[in-house]
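Undergrad: One structure, as structure tokens, below. Some questions next.
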Amino acid sequence: MEKLMLNSIYRATEGEGIHVGTPQVFVRFQGCNIGCVNCDSTDTWEFEDLLGMTMEKVLVDVHEKANKGRIRRVSITGGDPLHPKHVPMVKKLVRELKARRYFINLEASGARLVHEVFDAIDFISFDYKTPSTGVKTPLENIKQLAEQYQGRFQIKSVIENEDDFRYVLRAAEQLGDFDFPWVLTPAFNLGELLPFERFKKIIQWNEESGALFRVIAQQHKVIHGAEKKQV
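Note that my numbering gives residue 90 to position 62 of the sequence shown, counting from 1, and the numbers run on in steps of one.
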């Protein structure tokens, strides 16, 4: 039987973006070739099957982790769940979860649009990478999201410094008026204490530049620190 290439399945409260504070079950795929230099989950990069779980076992585990189905939200994350190696099983997983009436969020790296997945899920959390990541996201991807998935997505950008902020600001200004949530996530890197000054500066830059964005910290890191996993 086919098995999903997974890193972990766990229950936690969403720690970032516009749904922060919402309990859900995370299904984390194993394998990513994006290569962000400040990635906090490099353990998910290698394409390998860590759990050895069939679809049937995954669905049972999701149900158990969701307090026997009382939690109705699932977040599919990674790794990069939209890498071509993952897409066939992601599509099957989405189909099974929707048949069980779960709300599905998917964490997308920003590298690619996979419409057959996006059309089937409830919400897309889409990265717009900044210079500090060493990765570039085509702005055209955001334009397509805005045209086709209005009300069903957010953009998230990790901000390390003012160069990152100005880069995102220029991109937003190129888009012109937009009415989707664009979240700036202050970087909270492995080995750091809570970077209050970075948080305050990003809030200030946003307010002084027209307040185009929402600045939302990673709640799970504020509570548990940057190293703690599955929280």
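Ideal Cβ placement from N, Cα and C applies to all residues, glycine included.
My guess is that K164 and K171 are in contact by the Cβ rule of under 8 angstroms, so how many angstroms apart are they, rounded?
TA: 15 angstroms between Cβ atoms; not a contact.
Undergrad: Using the C-alpha atoms, what's the distance from I152 back to L125?
TA: Answer to the nearest angstrom: the Cα atoms are 16 angstroms apart.
Undergrad: Roughly how many angstroms lie between the CA atoms of R226 and E235, to the nearest whole one?
TA: When rounded, the distance between both Cα atoms is 14 angstroms.
Undergrad: Any idea what DSSP makes of E30, helix, strand or coil?
TA: Coil at E30, not helix or strand.
Undergrad: Is there a C-beta anywhere in chain D that falls below 8 angstroms from the one on E44?
TA: Here chain D cannot be found, since the structure has a single protein chain.
Undergrad: Would you kindly report the start and end of the unbroken alpha helix (DSSP H) that includes P166?
TA: From DSSP, P166 is part of no alpha helix (DSSP H); its letter is neither H nor E.
Undergrad: Checking the sheet assignment: what are the DSSP bridge partners for F131?
TA: Answer is R101.
Undergrad: For A174, collect the residues of the same chain with a Cβ closer than 7 angstroms to its Cβ; drop the 5 residues on either side in sequence, then sort them by chain order.
TA: Once the five neighbours on either side are set aside, the close Cβ partners of A174 are F206 and F208.
Undergrad: With H, G and I counted as helix, E and B as strand and the rest as coil, what does DSSP make of P116?
TA: Three-state DSSP puts P116 in a helix.
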